[in-house]
Structures are given as C-alpha cells and as structure tokens.
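Just below is one structure, and these are the notes that go with it.
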Amino acid sequence: MKVAFLGLGRMGAAMAAHVARADHELTVWNRTPGKAGALVELGAREATSVADAVTGAEMVVLMLFGPDAVREVLSEVLAHAPGSFVVDATTNGPAAAREFGALCAASGTRYVDAPVAGTVKPATDGTLGVLVGGPEADVEAARPLLELWGDPARVLRIGEIGSGSALKLCINQGLGVVAAGLGESLRLGRDLGVDRDLLLTVLSHTAYGWYLAQKQPMLQSGDYSATTFSVELMAKDLALAVEGSDSDLAVTRASLGQAQQALAAGHGGEDYAAITGHLADEGAADSS
Ligand SMILES: NC(=O)c1ccc[n+]([C@@H]2O[C@H](COP(=O)([O-])OP(=O)(O)OC[C@H]3O[C@@H](n4cnc5c(N)ncnc54)[C@H](OP(=O)(O)O)[C@@H]3O)[C@@H](O)[C@H]2O)c1
0 MKVAFLGLGR MGAAMAAHVA RADHELTVWN RTPGKAGALV ELGAREATSV
50 ADAVTGAEMV VLMLFGPDAV REVLSEVLAH APGSFVVDAT TNGPAAAREF
100 GALCAASGTR YVDAPVAGTV KPATDGTLGV LVGGPEADVE AARPLLELWG
150 DPARVLRIGE IGSGSALKLC INQGLGVVAA GLGESLRLGR DLGVDRDLLL
200 TVLSHTAYGW YLAQKQPMLQ SGDYSATTFS VELMAKDLAL AVEGSDSDLA
250 VTRASLGQAQ QALAAGHGGE DYAAITGHLA DEGAADSS
C-alpha cells in the first residue's frame, strides 16, 4: 500500500516507524524538515511538501498538533489526493473530527478519527490504544494500518466519526485535572509545612497513584525536560474540552488556567508534569 505519514513529532515519528518496517511504500513529511532521518534509514522517502507526500497515496495518516494544524494540512491533502483514505490520529476533539470527516466526504475521500491512548513508549512498542470513529467498513479498512502502532486488542471502533475523539478528550481532561489538582495538593502541603518528598510518597498511594508512578521523579528533581506529552498539548486538550462542552466545566476551566500559567512561564515544551510543579512552586520564593 502507498502510505503518506504527515507529522513526525514525538508520537508521529514513533508510529511511522512501524509503517516503514511493514511491507508498505511509505512517504513521510514534517513541517520542519530534518526529522525523517531514522525513517529514511528504514526505507521511507522524505517528501518536501504535503503535495509531494500525498500525490498517489492510498492512505494518508495525520499526526499533527491539533485541529488548526489538521485544517491547514488537510486542505492540501484533499487538493492533491482526493479519493484517498485519511486516518487522522491527531487529538482534535469531536467537533473538528466531524468537520474534517465532512470535508473529506465532499471530495470522495474516506476519513476516520483514530486518536491514540498512550504515550511515546507504547507508540515505539506498537502497543497504543486506538479509539476509532467512522463507519464500520472504513474502520475495518483502516485496521491493518492502525494495528501497526496499536495493540490489536485495543484498536476499538467507538462509533461514528468524532466518537473516538470524544472519548480521547475525556481521557485527557482527566489527566489535566489530575496534574493541576496534585499541584494544588503540593502547594497546600508546602503552606502547611509538610515535607515535599514525604508528601509525594504518601500521595503515591492515593488517587494520584497512577500519575505519580510516572511523574514522581520529575516532580522530585524539578526537571521536566524529558517530555513525553507537553504542557502545550495539554493546554490544547483542556481548551478543546472546555470549548467542546455545553456545560460549565469549572474544574476543567481552572485546570486549563493552570496549564496556561505554566505555558506563560515558559514551560510549553516541557512535560505536562511541569503544570503540577509550576503550581506547587509558584510564589515559593516570596513566602520563604
Ligand atoms: N505525546 C503524547 O504522549 C501523545 C499521546 C497521545 C496523543 N497525542 C496527540 O498526538 C498528536 C501529536 O503529539 P506529539 O506528542 O507527537 O506532538 P509534537 O511532538 O508536539 O509534534 C507535533 C507535530 O505537529 C506538527 N505541526 C504543528 N503545527 C503544524 C502546522 N500548522 N502544520 C503542519 N504541522 C504542524 C509539528 O511539526 P513541526 O515539527 O514542524 O513543529 C509536529 O510534527 C497531538 O494531537 C497530541 O495531542 C500525544
């Protein structure tokens, strides 16, 4: 199969490597050139433009930052590869996924939203969860590709286009709230004179356990540079959640505010654990 993979960020590069190792003709593209080296070594061709990447492609995979990036890139995909099949792995939210599905349908192009659950290690291992939205026949047609980066038992058709994205947004809303909530717990502990390391250890046996199992070393060292999922991505997803609901999601809104503060303080490219750290530590110098 001729596959074009667009977006070679942390996740895209790891996912595209599985396509390169499989028996497909792979062309890759990234907005900023220079990220395709390892994929080229695996046999992929690096394209110089979206048009170059998708012309003649049967399947086009998108793994981009978010809906604005997809909107921009998809218009070029549809201009140069109408009638292809777009697998959108980006976390876009359901409204954008439905918008993109309709755009594709108008040019005779099939589209599924297929955001992933899991981060860089499962992407590298090919064990991601994949939450797919689209007509059954399209989901089945995309499945062989999705199972290259997803655990076959966890490549799940959720429903029609947008349904995978809805579920994905609920997952990340929870993670964002946990990151901000723990920041406030640590802040409270600091205000009450509780030792930070002791507090982290005790909290790792509470509702924060799953998050701390991954983030405790970062929170203890204060070094958030080994990014898997960045602050800017989390801010994007919390904003999608707030904007995507008819309800006033006050806790989500507050968590978005904390993510935006971490962004404004220059942590955008760091791991989203920096949201917790920033909230825990901001003002520490003033009160010491
Ligand atoms: N990281 C995770 O753990 C994780 C897990 C599940 C889902 N996701 C989702 O997967 C997607 C990718 O995540 P990631 O961690 O790989 O992000 P990333 O490392 O920040 O990469 C983002 C990618 O989007 C591209 N991009 C951004 N704006 C663009 C534009 N206007 N036009 C074209 N390309 C553009 C970037 O290109 P440049 O290199 O040129 O900037 C880069 O290739 C996101 O939707 C994220 O929410 C991430």
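Sequential numbering from 0 applies to the sequence shown in numbering that gives the first Met the number 0. Beta carbons: idealized from backbone N, C-alpha and C, even for Gly. Predicted model only: the values in this text are computed from it and were never measured.
TODO: Please say whether A37 and A16 have beta carbons closer to each other than 8 Å?
DONE: The residue labelled residue 16 in the question sits at position 17 within the sequence shown. The residue labelled residue 37 in the question sits at position 38 within the sequence shown. Yes, they are a contact pair.
Task: Residue from E57, L61, A105, V72 whose Cα sits closest to the Cα of F84 - done: As a working mapping, residue 84 is identified with position 85 in the sequence shown. Considering only alpha carbons, the answer is E57.
TODO: Would you identify the three-state DSSP class for R30, choosing helix, strand or coil?
DONE: In the sequence shown, the residue the question calls residue 30 occupies position 31. Three-state DSSP puts R30 in coil, outside helix and strand.
Task: Exposure label - N97; buried when at least 16 CB within 10 Å - done: Position 98 of the sequence shown, counted from the start, is the residue given in the question as residue 97. Looking at the sequence itself, residue 97 is Arg, so the reference to Asn does not match. Under a 10 Å Cβ-count criterion, R97 is classified as buried, with 16 or more other Cβ atoms of the shown protein chains found around its own Cβ.
TODO: State yes or no: is the C-beta of F99 nearer than 7 Å to some heavy atom of ligand 1?
DONE: Walking along the sequence shown from the start, residue 99 turns up at place 100. No, the beta carbon of F99 sits no closer than 7 Å to any heavy atom of ligand 1.
- [ ] Return the CA-CA distance between A21 and D124, expressed in angstroms with no decimal places.
- [x] As a working note, residue 21 is residue 22 in the sequence shown. As a working note, residue 124 is residue 125 in the sequence shown. A direct Cα-Cα distance of roughly 14 Å separates A21 from D124.
TODO: Could you tell me if Y223 is buried or exposed, where buried requires 16 or more neighbouring beta carbons within 10 angstroms of its beta carbon?
DONE: What you label residue 223 is simply residue 224 of the sequence shown in a count that begins at 1. So Y223 counts as buried.
TODO: For A35, collect the residues of the same chain with a Cβ closer than 7 Å to its Cβ; drop the 5 residues on either side in sequence, then sort them by chain order.
DONE: Translated into the one-based positions of the sequence shown, residue 35 becomes position 36. Taken in chain order, the residues that qualify are L7, V27, N29, A43, E45.
Open item on the list: Our contact map puts G158 next to G132 with C-beta atoms below 8 Å; I'd like the distance itself, whole angstroms only.
Closed with: The residue you call residue 158 lines up with position 159 of the sequence shown. The residue you call residue 132 lines up with position 133 of the sequence shown. Yes, G158 and G132 are in contact; Cβ-Cβ is about 6 Å, under 8 Å.
Open item on the list: Restricting to Cα atoms, I'd like to know which of D190, H79, L181 is closest to V201.
Closed with: Translated into the one-based positions of the sequence shown, residue 201 becomes position 202. For the residues D190, H79, L181, the minimum Cα distance to V201 belongs to L181.
Open item on the list: Could you pull the DSSP bridge partners for G243 from this structure?
Closed with: Position 244 of the sequence shown, counting from 1, holds the residue named residue 243. Answer is none; G243 lacks a bridge partner.
Task: Cβ distance (whole Å) where D150 is taken to contact G128 below 8 Å - done: Position 151 of the sequence shown holds residue 150. Position 129 of the sequence shown holds residue 128. About 7 Å; that satisfies the 8 Å criterion.
Task: Status (buried if at least 16 other CB within 10 Å, exposed otherwise) for T47 - done: Taking the sequence shown and counting its residues from 1, one reaches residue 47 at position 48. If you draw a 10 Å sphere on the C-beta of T47, you find fewer than 16 other C-beta atoms in it, and that means exposed.
Open item on the list: Along the chain, where does the beta strand (DSSP E) containing L61 start, and where does it finish?
Closed with: For the purposes of this step, residue 61 is identified with residue 62 of the sequence shown, where counting begins at 1. 58-61 is the extent of the beta strand (DSSP E) around L61.
Open item on the list: By the three-class DSSP mapping on this structure, what secondary structure does P66 have?
Closed with: Translated into the one-based positions of the sequence shown, residue 66 becomes position 67. Of the three classes helix, strand and coil, the one that applies to P66 here is helix, per DSSP.
TODO: Can you grab the Cα-Cα spacing for the pair S229 / G243, in whole Å?
DONE: As a working mapping, residue 229 is identified with position 230 in the sequence shown. As a working mapping, residue 243 is identified with position 244 in the sequence shown. Cα to Cα, S229 sits roughly 21 Å from G243.
Open item on the list: Assuming the contact rule is C-beta atoms closer than 8 Å, V59 and V39 should be a hit. Round their C-beta distance to whole Å, please.
Closed with: The residue labelled residue 59 in the question sits at position 60 within the sequence shown. The residue labelled residue 39 in the question sits at position 40 within the sequence shown. About 19 Å; that fails the 8 Å criterion.
Task: Any non-hydrogen atom of ligand 1 closer than 7 Å to P93 Cβ - done: Locating residue 93 in the sequence shown gives position 94, counting from the first residue. Flag unset: Cβ of P93 not near ligand 1.
Task: Cβ distance (whole Å) where L144 is taken to contact L61 below 8 Å - done: Counted from its first residue, the sequence shown places residue 144 at position 145. Counted from its first residue, the sequence shown places residue 61 at position 62. The Cβ separation is near 12 Å, so there is no contact.
- [ ] Leaving out five residues on either side along the sequence, give the residues of the same chain with a beta carbon under 6 Å from the beta carbon of L147.
- [x] In the sequence shown, the residue the question calls residue 147 occupies position 148. Excluding five sequence positions before and after L147, the CB atoms of its chain that fall closer than 6 Å to its own CB belong to H17, V18, A21, given in chain order.
TODO: Would you tell me roughly how many angstroms separate the C-alpha atoms of Q259 and D247, rounded to the nearest one?
DONE: What you label residue 259 is simply residue 260 of the sequence shown in a count that begins at 1. What you label residue 247 is simply residue 248 of the sequence shown in a count that begins at 1. Rounded to the nearest whole angstrom, the CA to CA distance from Q259 to D247 is 18 Å.
Open item on the list: Run through the DSSP bridge pairs and tell me what G158 is partnered with.
Closed with: Translated into positions along the sequence shown, residue 158 becomes position 159. Secondary-structure assignment with DSSP links G158 through a beta bridge to G132.
TODO: Measure the Cβ-Cβ separation of L239 and T251 and say whether it is below 8 Å.
DONE: Indexing the sequence shown from 1 puts residue 239 at position 240. Indexing the sequence shown from 1 puts residue 251 at position 252. For the 8 Å CB-CB criterion, L239 and T251 do not form a contact.
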